[in-house]
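Numbering (my numbering), first residue to last: 167 to 604. One structure is given below, encoded as structure tokens.
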């Protein structure tokens, strides 16, 4: 009984794992998985971490600087003595020190540098969002291609079922002498052609799934499948205008936000460069002591000398820039040029976004029209096929006419499947421009 129970539990676990492995993935699941495992996104995350470290370094520049020093020296040979004569002596000296400095005023350099680093971090975060959106669009495109190939497989399976049924019907008629053997051979040839088409479509579907899994950074496409997206009537979809989409996109898209942050950072860099024109004030202090020993002279003990020679100091240092070979002036000019260039970059990014939105909008409109016309063509082809099929069954249409009607129906179904997937992708792309994804 225990062995039987163990086998039942093992079989149940195996079936559960198989069902989980064969679970169809939705589009959102694919996007989420790709975002979590994409290498380029991980690189952008490292760039964000780097900007965080730089910001932390700028903030810490307000803290005091503390350093300790120790030195040991040995001198050999002739040296001057206390009575102003020279003699051969060996001397040894030890010095210990502890120094600290605190910036009191840096010409506003520290707060301006912190502001620049904050904007750099925000720009890096926007670049990260942009990378995630780019991967999402790539995954969506690959997903729609795989979905299209799956629909082609379904269409091919349906066509093969029709061919098989038709061939079986003709075979039954041949047995009772109501159909010619040539008709049966032609029907079997059509069935073989549909079987070949099904094999080709299945291979194309497997390659599309492979492309999608590679984009998801999955090790193998084994057990991977996608869920069919519910069809909807494209005639009931109302697309917003390109101007409405752009007005929303220019406020939320990360590439625009990244360039705006960089423009603000360029403005701060101009102020940061001007900080070099202002004086700087710092507070410093320290502790020091030393030990000295010379050959031929009785020196005090090491500890006694360290105590007697102990020294403390504190001071304020003021640095006023006067002339540094026009380096500061050129740095300011360079920062202003970079600011102007960044303004042009922001304008160019906005224009590129507007072009992308326009292209995506008109592609969606064209795909919607094609989808509507393809649906109408498919309905007409289906009605024509059903009419020819009835005539063929009653002997009023030839096998050639039947095959032509069937071919037109298959072609219209292929065209409809492609137009539906294309329009769905174009519609999703417009939605990407209108919302904040990450």
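Beta carbons: idealized from backbone N, C-alpha and C, even for Gly.
(message) Once the 5 residues before and after residue 316 are set aside, which same chain residues still bring their CB inside 6 Å of it?
(response) Position 150 of the chain shown, counted from the start, is the residue given in the question as residue 316. Within its own chain, the residues whose Cβ lies closer than 6 Å to the Cβ of residue 316, once the five positions on either side in sequence are excluded, are 371, listed in chain order.
(message) Excluding the 5 residues flanking residue 181 on each side, which residues of the same chain have their C-beta closer than 7 Å to its C-beta?
(response) As a first step, residue 181 must be located in the chain shown, where it is residue number 15. Bear in mind that the predicted position of residue 181 carries a pLDDT of just 36, short of 50, making it unreliable; the figure below should be weighed with that in mind. Same-chain partners within the cutoff: there are none.
(message) What would DSSP say about residue 240, mapped onto helix, strand or coil?
(response) Counting from one through the chain shown, the residue named residue 240 turns up at place 74. Looking at residue 240 - three-state DSSP - the assignment turns out to be strand.
(message) Please identify the residue among 540, 287, 392 whose C-alpha is closest to the C-alpha of residue 210.
(response) As a working note, residue 210 is residue 44 in the chain shown. It is 287 whose Cα lies nearest to the Cα of residue 210.
(request) May I have the straight-line CA-CA distance separating residue 508 from residue 517, to the nearest angstrom? (result) For this step, residue 508 is matched to residue 342 along the chain shown. For this step, residue 517 is matched to residue 351 along the chain shown. One C-alpha to the other measures close to 14 Å.
(request) Please say whether residue 416 and residue 605 have beta carbons closer to each other than 8 Å? (result) Limits of the chain in this structure are 167 at one end and 604 at the other, which puts residue 605 out of reach.
(request) Give the single residue among 275, 555, 200, 600 whose Cα lies nearest to the Cα of residue 522. (result) Counting from 1 along the chain shown, the entry for residue 522 is found at position 356. Cα-wise, what sits closest to residue 522 is 600.
(request) Under 8 Å by Cβ, that's how I've got residue 233 and residue 265 pegged, so tell me the actual separation to the nearest angstrom. (result) One-based indexing of the chain shown puts residue 233 at position 67. One-based indexing of the chain shown puts residue 265 at position 99. Contact flag correct, Cβ pair sits at about 5 Å.
(message) So, at 8 Å on beta carbons, what are the nonlocal neighbours of residue 345 in its own chain, with the 5 sequence-adjacent residues on each side left out?
(response) Looking up residue 345 in the chain shown gives position 179. Sequence-distant partners of residue 345 (beyond 5 residues in either direction) whose C-beta falls short of 8 Å from its own C-beta, in its chain, are 336, 339.
(message) Beta-carbon within less than 8 Å of residue 347's beta-carbon, same chain only, minus the 5 sequence neighbours each way: which residues are those?
(response) Mapped onto the chain shown, residue 347 falls at position 181. Result list for residue 347: 340, in chain order.
(message) According to DSSP, residue 478 sits in a beta bridge with which residue or residues?
(response) In the chain shown, counting from the first residue as 1, residue 478 sits at position 312. DSSP output for residue 478 lists 453 as bridge partner(s).
(message) Please return the same chain residues whose Cβ sits closer than 6 Å to the Cβ of residue 432, not counting the five positions on each side in sequence.
(response) Along the chain shown, read from residue 1 onward, the residue named residue 432 stands at position 266. Contacts found: 504, 505, 508.
(message) Along the chain, where does the alpha helix (DSSP H) containing residue 589 start, and where does it finish?
(response) On the chain shown, position 423 is the one that residue 589 refers to. Unbroken alpha helix (DSSP H) run through residue 589: 565-600.
(request) Below 6 Å CB to CB, which residues in the same chain sit around residue 391 once its five sequence neighbours on both sides are set aside? (result) Position 225 of the chain shown, counting from 1, holds the residue named residue 391. Within the same chain, 190 come within 6 Å of residue 391 by CB-CB distance, once the 5 residues on both sides are set aside.
(message) Looking at residue 538: is its Cβ nearer than 8 Å to the Cβ of residue 368?
(response) Along the chain shown, read from residue 1 onward, the residue named residue 538 stands at position 372. Along the chain shown, read from residue 1 onward, the residue named residue 368 stands at position 202. Against a cut-off of 8 Å, the Cβ pair of residue 368 and residue 538 comes out as no contact.
(request) Rounded to whole angstroms, what's the CA-CA distance from residue 468 to residue 231? Just pull it up for me. (result) Here residue 468 is taken as the residue at index 302 of the chain shown, counted from 1. Here residue 231 is taken as the residue at index 65 of the chain shown, counted from 1. If you take the alpha carbons of residue 468 and residue 231, they lie about 29 Å apart.
(message) Along the chain, where does the alpha helix (DSSP H) containing residue 442 start, and where does it finish?
(response) By one-based count along the chain shown, residue 442 stands at place 276. Taken as a continuous stretch (DSSP letters only), residue 442 belongs to no alpha helix (DSSP H), as it is neither H nor E.
(message) Cutting at 8 Å between CB atoms, please list the residues of its own chain near residue 430, excluding the five before and the five after it.
(response) For the purposes of this step, residue 430 is identified with residue 264 of the chain shown, where counting begins at 1. Result list for residue 430: 285, in chain order.
(request) Can you check DSSP and say which residues form a bridge with residue 231? (result) Position 65 of the chain shown, counting from 1, holds the residue named residue 231. 267, per the DSSP bridge assignment.
(message) For residue 534, count the other beta carbons within 10 Å of its own beta carbon; 16 or more makes it buried, fewer makes it exposed. Which is it?
(response) Residue 534 sits at position 368 when you count from the first residue of the chain shown. Answer is buried; the Cβ neighbour count reaches 16.
(request) Check each candidate in 556, 486, 454 and name the one with the smallest Cα separation from residue 471. (result) Here residue 471 refers to the residue found at position 305 when the chain shown is read from its first residue. Among 556, 486, 454, the Cα nearest to that of residue 471 belongs to 454.
(message) Quick check on the DSSP output: the alpha helix (DSSP H) that includes residue 195 runs from which residue to which?
(response) As a working mapping, residue 195 is identified with position 29 in the chain shown. Counting along the chain, the alpha helix (DSSP H) containing residue 195 begins and ends at 193-203.
(message) By the three-class DSSP mapping on this structure, what secondary structure does residue 459 have?
(response) Here residue 459 refers to the residue found at position 293 of the chain shown. Reduced to three states, the DSSP call for residue 459 is strand.
(request) Report the option in 220, 542, 193, 551 whose CA atom is closest to the CA atom of residue 302. (result) Residue numbering aside, residue 302 sits at position 136 when the chain shown is read from its first letter. Out of 220, 542, 193, 551, 193 has the C-alpha closest to the C-alpha of residue 302.
(message) Would you call the region 378-394 in contact with the region 253-264, where contact means no fewer than 3 C-beta pairs closer than 8 Å?
(response) no
(message) Which of the three DSSP states is assigned to residue 349 in this structure?
(response) The sequence position of residue 349 within the chain shown is 183, counting from 1. Of the three classes helix, strand and coil, the one that applies to residue 349 here is helix, per DSSP.
(request) Output the distance between the C-alpha atoms of residue 359 and residue 379, rounded to the nearest integer angstrom. (result) Here residue 359 refers to the residue found at position 193 of the chain shown. Here residue 379 refers to the residue found at position 213 of the chain shown. About 30 Å.
(message) Measuring CB atoms only, is the region 439-446 touching the region 487-500, in the sense that at least three cross pairs come out at less than 8 Å?
(response) yes
(message) Residues in the same chain with beta-carbon distance under 6 Å from residue 412, minus the five sequence neighbours each way, listed in chain order, please.
(response) Your numbering for residue 412 matches position 246 in the chain shown. Contacts found: 520, 523.
(request) Could you tell me the distance, in whole angstroms, from the CA atom of residue 384 to the CA atom of residue 310? (result) The sequence position of residue 384 within the chain shown is 218, counting from 1. The sequence position of residue 310 within the chain shown is 144, counting from 1. Those two C-alpha atoms are separated by around 18 Å.
(request) Go ahead and pull the three-state DSSP assignment for residue 258. (result) In the chain shown, residue 258 corresponds to position 92, counting from 1. Three-state result, residue 258: strand.
(request) Grab me the residues of residue 307's own chain with a C-beta within less than 8 Å of its C-beta, minus the 5 sequence neighbours each way, in chain order. (result) By one-based count along the chain shown, residue 307 stands at place 141. Around residue 307: 591.
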